[in-house]
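Undergrad: Questions regarding the structure given below will be posed in turn.
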Amino acid sequence: MALISEAAKAPPATDAVRQPTAWQGWRYRAKVASREPTTLIGLLTALLFTYLIAVPIVSIVLDAVRVQFGHERRLGKDIGDLTTYYLDRVFMSPVSVDLFWRPLFNTLTVAIGAILLSLVIGGILAWLISRTDMFGRRWFATALIVPYMLPAWTFALAWTTLFKNRTVGGQPGWFEAMGLTPPDWVAYGRFPITIILALHYTPFVLLLFGSALRRFDSQLEDSARILGARRYQVALKIILPLMRPALLSSMVLIFAKCLGEFGVPYVLGLPVKFEVLSTSLFRSIASRQTGVAGVVAASIMIIGIITLMIDARLVREARRFVTVGSKGSMNRQNRLGNMRLAATVFAAAIFVLSVGLPLMTLFLSTVMKMPARFTLDNFTLDYWIGTNLNTVALQTGVLLSPDLWSAAKNTLTIVGLASLTSGILGLLVGYVVIRTPVRALSVYLRQVTFLPYLVPGIAFAAAYLSLFAVPRGPMPALYGTVTILVLALIADQMPYASRAGISAMTQLGKEPEEAAQIAGAGWFRRMISIVIPIQKGSLVTGVLLPFISGIKGLSLFVILAVPSTDVLTTYSLRLVDYHYTQAANAVVLMIAAIAYLGTLAAQKLTKTNLAEGLGS
Amino acid sequence: MPTINLNGAQKNYGVNSANAVSDLDLEIRDGEFMCLLGPSGCGKTTTLRMIAGLENLSGGEIRIGERVVDSVQEGVFVPPEKREMGLVFQSYALWPHMTIERNTDFGLRLRKLPKAEREARVEQVMQALDIAKYRDRYPSQLSGGQQQRVALARMLAVNPGVLLLDEPLSNLDARLRLEMRAELKRIHKEFKTTIVFVTHDQWEAMTLATTIAVMNNGTLQQMGTPNEIYDRPANRFVAEFVGSPPINILELDTSDMTDIAREAAVFLSARHPSLKGIGAIGIRPEAIGYTADKAQIPPGSFGGEMIVTGVLPTGGSWILELRSDNNTLFLTTSVLPRVEPGSKTHFYAETSALHVFDKTGMRISEADALLRAAAIN
């Protein structure tokens, strides 16, 4: 007889009774979920973002396959019927080369060139800054990030100021003025665009690669050295393979950024008809080719989505190589010896090229009557504060022009309102995503607010145009209003705002709030006494960072703004178009100053590293 | 506070995931100091959080006295803020933007007590926990031990009927941990609170608890006083989890039985032919004796001969590692061992010290009486 053991109780007879039915489980979960406003807020924000983000994107994709106004007769169908006409036109027709394939080729080559160049420069700089005894490493670590704080087309304008040749009218560039006519390939098109994008995105490599280098556990390196590996072997076999995810990730991010870049190719590409996808899209929209614009925008989106999916994959892969050592994080430096000075000169040269020279050029151009004539009588403050100037329009210095101040006011109200809203919404989204017991809601909110990140700004703006240009349902036509700009900007900034909110809430953890709950505090009480006071700092960042990126942003505005809703960026672009070079440069300098100071302030306020605000 | 009852409480995170807690019945009586003990991931913290209301159930119910506070079937859920409990988190979760005094005062403010009463209560609790001198500091300015006391004070201030503690001592160094254990025992006496304490540290459980509930894989393995848990583990998991160095387990049912296990099988079947279906035998290290002289082995003991392969001093006592060809035994002794590693020695254990488990790992409790009787004869 086998003995019956004491703990082997018969299973409880009530087991079947205890297992709740599906209905009971659902009722219980609904009860838990409805007890707090978290889920309600979640549902409302989800609805809002569906309208602001998902619907416009769907709308532009639909535009691509439906007959647009003006084509009914030619296609023999009614407006809104399904058609492949626009797909054919963009991908197959004789004009497809101009509409899509050449811009695509140009985009790809420019992006790849910029990536390679910035990888070489950024990689060397990152290594010098984080692993060697180069002079002034700390100063360079901040100074070399500055190009990223400035709008990319600042450099484009500086470039034209220097290299503009007789191909284009208006005031000549400095070299032309000195009698050295730069060839077209230097002045416009692929070459300058590639160089400028490379310099602009080098900080990406510097930040991502540099931080990976700094966090690298030197014990891994030491182990190899102890086993007899030489320096170059360690670099090749240990460090480089482990750095690969960081390198690849910065490559992919730069690619995604280049894809949506509008200002630089617009300023430098137009004179020689060098088109990239974003300028091609702009041209389609400007010429009211809505269907074609839909196809191009959707293509840009798809390329963007693929790129970022690759990045997500890389990030996941990078997680396999977590090499953060608590003890061994890198503090050892390679001695450069006699190369020390040379390395410092190299870093300084990059700084001069990517910050000093462009800003200096822009500034000088605004105080000189004739380009490249450095005599005292050639200097003037007329372009800033002059009056009764001998010009067709803009007869005062730019600072005295009412247009500037109305653009500045528009910028402040539009960007300010949008940043404030998206900052607050971001924190709310973060809260709901982390806290709601309804998992589907959390996943949906996280994804829908991230969607604009996959869509380059110019395509997103096109989507807004497609949806809100005409009245739909209760929504009046919004084109030309401040509202459409604010809404588009909010949606465009949600990825950063919600990511900031989510990461802030994750960092906070649920325990401080749970402790308050246990102590007897209800939802509103917890919000006011615990969550908001603790998240003050990240709320400020969540407003400030979108504000900065909004101030220097161009691609959204260039499509959605009209003269009455001009912001600083579109105002300066308009000045470029009318060849008021000095005034345009002055406005760009102001934008750069605001963006730079704002970034510094954000960094000071939150004591965070810029690397975290990288995407904005 | 009336008795807290968990009836068939269940928790899974997501439809397809394994239960974090399955079908848990637990009774926590007033004034008890109960430890939930188990390895990490066994569901003990989830259980604690379910009691607090911070985790929703997937099935079953929780009652406080006669009042149902949480039930899937009945669709009842009383939120944490209305359960009048106290919870000290593993990370302490002090509010970083409030001073120590404000942290302690928070719960009282919510209860809208008059100012004088609040101040008196805060003062009393801060004095009792010796944190009054830090009243104007912020949590980040305090050490781990001090923060831990603030976390306790914050909960004690509102005088909760039940105090739930989630591994509150795990972030402290050894000395502080000892002090805080004494402190907790004192608080349990002084405030007469029911305490539910989660830990993976068996010593903490043994020294503090009046009742220990051992959990594994989301199910309750055994509930009892510390002595019951140690002396009569209900199954092999409990036997192996509690005790350091761990209990020696001899597998009996494998085809390639070790020689020691074979001896054990022969020993048991010779003396207790009625015992069948034995899967394994456990012997605590301190229950094993050793001697070079075979004559000194007490009669009726189970034993054999092995080689000493290691003598490990632990300060005040020693662990001996004994090996035969394919088996290892550990024994502890408080007498300086005079054996050389490599020498042969006899080991033995009294019959009453054997823990007998069936093939599913459950304790064969009928064996206890038989073995005890054998020891007396």
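If you're matching them up, the sequences are chains A and B in order. Everything in the first sequence is counted per the numbering used here, starting at 1 for the first residue and increasing by one. Everything in the second sequence is counted per the numbering used here, starting at 1001 for the first residue and increasing by one. Where is the CB? At the ideal position from N, CA and C, for every residue including glycine. Keep in mind the model is a prediction, meaning the values are calculated, not measured.
Pull up the distance between the alpha-carbon of S278(A) and that of V264(A), whole angstroms please.
TA: Counting from one through the first sequence, the residue named residue 278(A) turns up at place 278. Counting from one through the first sequence, the residue named residue 264(A) turns up at place 264. When rounded, the distance between both Cα atoms is 10 Å.
Undergrad: Of the residues G136(A), S93(A) and Y496(A), which one's Cα is nearest the Cα of A342(A)?
TA: Position 342 of the first sequence, counting from 1, holds the residue named residue 342(A). Checking every option, the nearest Cα to that of A342(A) belongs to G136(A).
Undergrad: Between the segment 1092-1101 of chain B and the segment 1142-1154 of chain B, do three or more beta carbon pairs fall short of 8 Å?
TA: They touch, by the three-pair rule.
Undergrad: Buried or exposed: D15(A), going by 16 or more other Cβ atoms within 10 Å of its Cβ?
TA: Numbered from 1 along the first sequence, position 15 holds the residue referred to as residue 15(A). For D15(A), the predicted model reports a pLDDT of 49, less than 50, meaning its position is unreliable; a value from the coordinates is still stated below. So D15(A) counts as exposed.
Undergrad: Is there a C-beta anywhere in chain A that falls below 8 Å from the one on P1285(B)?
TA: As a first step, residue 1285(B) is located in the second sequence; it is residue number 285 there, counting from the start. No, no contact with chain A.
Undergrad: What's the gap between the Cα of M1306(B) and the Cα of N1056(B)?
TA: Stepping through the second sequence from its first residue, residue 1306(B) is reached at position 306. Stepping through the second sequence from its first residue, residue 1056(B) is reached at position 56. So the two alpha carbons sit approximately 54 Å from each other.
Undergrad: Of the residues A177(A), F216(A) and V429(A), which one's Cα is nearest the Cα of A131(A)?
TA: In the first sequence, counting from the first residue as 1, residue 131(A) sits at position 131. In the sequence on display, residue 131(A) carries Arg and not Ala. If we check each option's Cα against that of R131(A), F216(A) comes out closest.
Undergrad: Check for me: the alpha helix (DSSP H) holding C258(A) runs from which residue to which?
TA: Taking the first sequence and counting its residues from 1, the one referred to as residue 258(A) is at position 258. That run of the alpha helix (DSSP H) goes L240 to G260.
Undergrad: Answer yes or no: do T1046(B) and I1028(B) have a C-beta to C-beta separation smaller than 8 Å?
TA: Counting from 1 along the second sequence, the entry for residue 1046(B) is found at position 46. Counting from 1 along the second sequence, the entry for residue 1028(B) is found at position 28. Taking 8 Å as the Cβ cut-off, T1046(B) and I1028(B) do not qualify as a contacting pair.
Undergrad: Who are the neighbours of K623(A) on chain B, taking C-beta pairs under 9 Å?
TA: Given that chain A is displayed from residue 1 to residue 616, the structure contains no residue 623(A) and the question cannot be resolved.
Undergrad: Is it buried or exposed for A1373(B), if we count other Cβ within 10 angstroms and need 16 for buried?
TA: As a working mapping, residue 1373(B) is identified with position 373 in the second sequence. Result: exposed.
Undergrad: Do three or more CB pairs link the segment 151-164 of chain A to the segment 187-207 of chain A at distances below 8 Å?
TA: These segments touch.
Undergrad: Can you tell me whether F1380(B) is helix, strand or coil according to DSSP?
TA: For residue 1380(B) there is no data in the structure shown, the boundaries of chain B being 1001 and 1377.
Undergrad: Could you give the distance in angstroms between the alpha-carbon of Y86(A) and the alpha-carbon of Q289(A)?
TA: Numbered from its first residue, the first sequence carries residue 86(A) at position 86. Numbered from its first residue, the first sequence carries residue 289(A) at position 289. Distance between the alpha carbons of Y86(A) and Q289(A) is about 9 Å.
Undergrad: Return the residues of the segment 382-413 of chain A that lie within a Cβ-Cβ distance of less than 7 Å from chain B, sorted by chain order.
TA: Answer in chain order: no residues at all.
Undergrad: Between F255(A), L99(A) and R89(A), which lies nearest to F204(A) when the distance is taken from Cα to Cα?
TA: For the purposes of this step, residue 204(A) is taken as the residue at position 204 of the first sequence. Taking only the C-alpha atoms, the option nearest F204(A) is F255(A).
Undergrad: What first and last residue would you give for the beta strand (DSSP E) that runs through N1248(B)?
TA: For the purposes of this step, residue 1248(B) is taken as the residue at position 248 of the second sequence. Note, N1248(B): beta strand (DSSP E), N1248 to E1251.
Undergrad: Could you please give me the residues that DSSP links to N1012(B) through a beta bridge?
TA: Taking the second sequence and counting its residues from 1, one reaches residue 1012(B) at position 12. Answer by DSSP bridge pairing, in chain order: N1019(B).
Undergrad: Within its chain, find whatever has a CB closer than 7 Å to the CB of A1353(B); leave out the 5 residues flanking it on each side and keep chain order.
TA: As a first step, residue 1353(B) must be located in the second sequence, where it is residue number 353. Around A1353(B): I1283, R1284 and A1287.
Undergrad: Short check: CB of P1039(B) to CB of H1200(B), under 8 Å?
TA: On the second sequence, position 39 is the one that residue 1039(B) refers to. On the second sequence, position 200 is the one that residue 1200(B) refers to. Taking 8 Å as the Cβ cut-off, P1039(B) and H1200(B) qualify as a contacting pair.
Undergrad: To which residues of the same chain is G328(A) closer than 6 Å at the C-beta, ignoring the five residues directly before and after it?
TA: The sequence position of residue 328(A) within the first sequence is 328, counting from 1. Per-residue confidence for G328(A) stands at a pLDDT of 49, beneath the threshold of 50, marking its modelled position as unreliable; the derived number appears in the next sentence. The residues are D217, S218 and Q219.
Undergrad: For my contact list, E1074(B) and N1007(B) are in at a C-beta cut-off of 8 Å; report their separation, rounded to the angstrom.
TA: Translated into positions along the second sequence, residue 1074(B) becomes position 74. Translated into positions along the second sequence, residue 1007(B) becomes position 7. About 12 Å; that fails the 8 Å criterion.
Undergrad: Where does L1320(B) fall in DSSP's three states?
TA: Residue numbering aside, residue 1320(B) sits at position 320 when the second sequence is read from its first letter. Looking at L1320(B) - three-state DSSP - the assignment turns out to be strand.
Undergrad: Helix or strand or just coil, what does DSSP make of A1280(B)?
TA: Locating residue 1280(B) in the second sequence gives position 280, where the first residue counts as 1. Of the three classes helix, strand and coil, the one that applies to A1280(B) here is strand, per DSSP.
Undergrad: Identify every run of the beta strand (DSSP E) within the segment 1060-1106 of chain B, keeping only runs that are complete inside it and at least 3 residues long; order them along the chain.
TA: DSSP runs (the beta strand (DSSP E)) wholly in the segment 1060-1106 of chain B: 1067-1071 and 1085-1088.
Undergrad: Using a C-beta cutoff of 8 Å, does R446(A) count as contacting chain B?
TA: What you label residue 446(A) is simply residue 446 of the first sequence in a count that begins at 1. By this cut-off, R446(A) is not an interface position.
Undergrad: Please state whether DSSP places M1362(B) in a helix, a strand or coil.
TA: Translated into the one-based positions of the second sequence, residue 1362(B) becomes position 362. DSSP places M1362(B) in strand when its eight states are reduced to three.
Undergrad: Going by the DSSP bridge assignment, what does T1332(B) pair with across the sheet?
TA: Counting from one through the second sequence, the residue named residue 1332(B) turns up at place 332. DSSP output for T1332(B) lists I1319(B) as bridge partner(s).
Undergrad: Who are the near neighbours of L441(A) in its chain, counting only those whose CB is closer than 8 Å to its CB and skipping five residues on each side?
TA: Taking the first residue of the first sequence as 1, we reach residue 441(A) at position 441. Same-chain partners within the cutoff: T39, G42, L43, A46 and V432.
Undergrad: Under 8 Å Cβ-Cβ, which residues of chain A neighbour F1106(B)?
TA: Here residue 1106(B) refers to the residue found at position 106 of the second sequence. The contacting residues are A516, A519, A521 and S529.
Undergrad: What does DSSP give as the partner residue(s) for P1313(B) in the beta ladder?
TA: One-based indexing of the second sequence puts residue 1313(B) at position 313. For P1313(B), which the question treats as bridged, DSSP gives the partners W1318(B).
Undergrad: Kindly give me the distance between the Cβ atoms of F1197(B) and F1089(B), rounded to whole angstroms, as I take these residues to be in contact under 8 Å.
TA: Position 197 of the second sequence, counting from 1, holds the residue named residue 1197(B). Position 89 of the second sequence, counting from 1, holds the residue named residue 1089(B). With a Cβ gap of about 13 Å, F1197(B) and F1089(B) do not count as contacting.
Undergrad: Along the chain, where does the alpha helix (DSSP H) that runs through A462(A) open and close?
TA: As a position in the first sequence, residue 462(A) is number 462, starting the count at 1. Run containing A462(A): G457 to F468, per the alpha helix (DSSP H) assignment.
Undergrad: Decide if P183(A) is buried, meaning its Cβ has at least 16 other Cβ atoms within 10 Å, or exposed.
TA: Mapped onto the first sequence, residue 183(A) falls at position 183. Per the 10 Å Cβ criterion, exposed.
Undergrad: Classify Y453(A) as buried or exposed, calling it buried when 16 or more other Cβ atoms lie within 10 Å of its own Cβ.
TA: The residue given as residue 453(A) occupies position 453 in the first sequence. Buried, by the Cβ-count rule.
Undergrad: Along the segment 37-49 of chain A, what residues have a CB closer than 8 Å to any CB found in chain B?
TA: Answer set for the segment 37-49 of chain A: empty.
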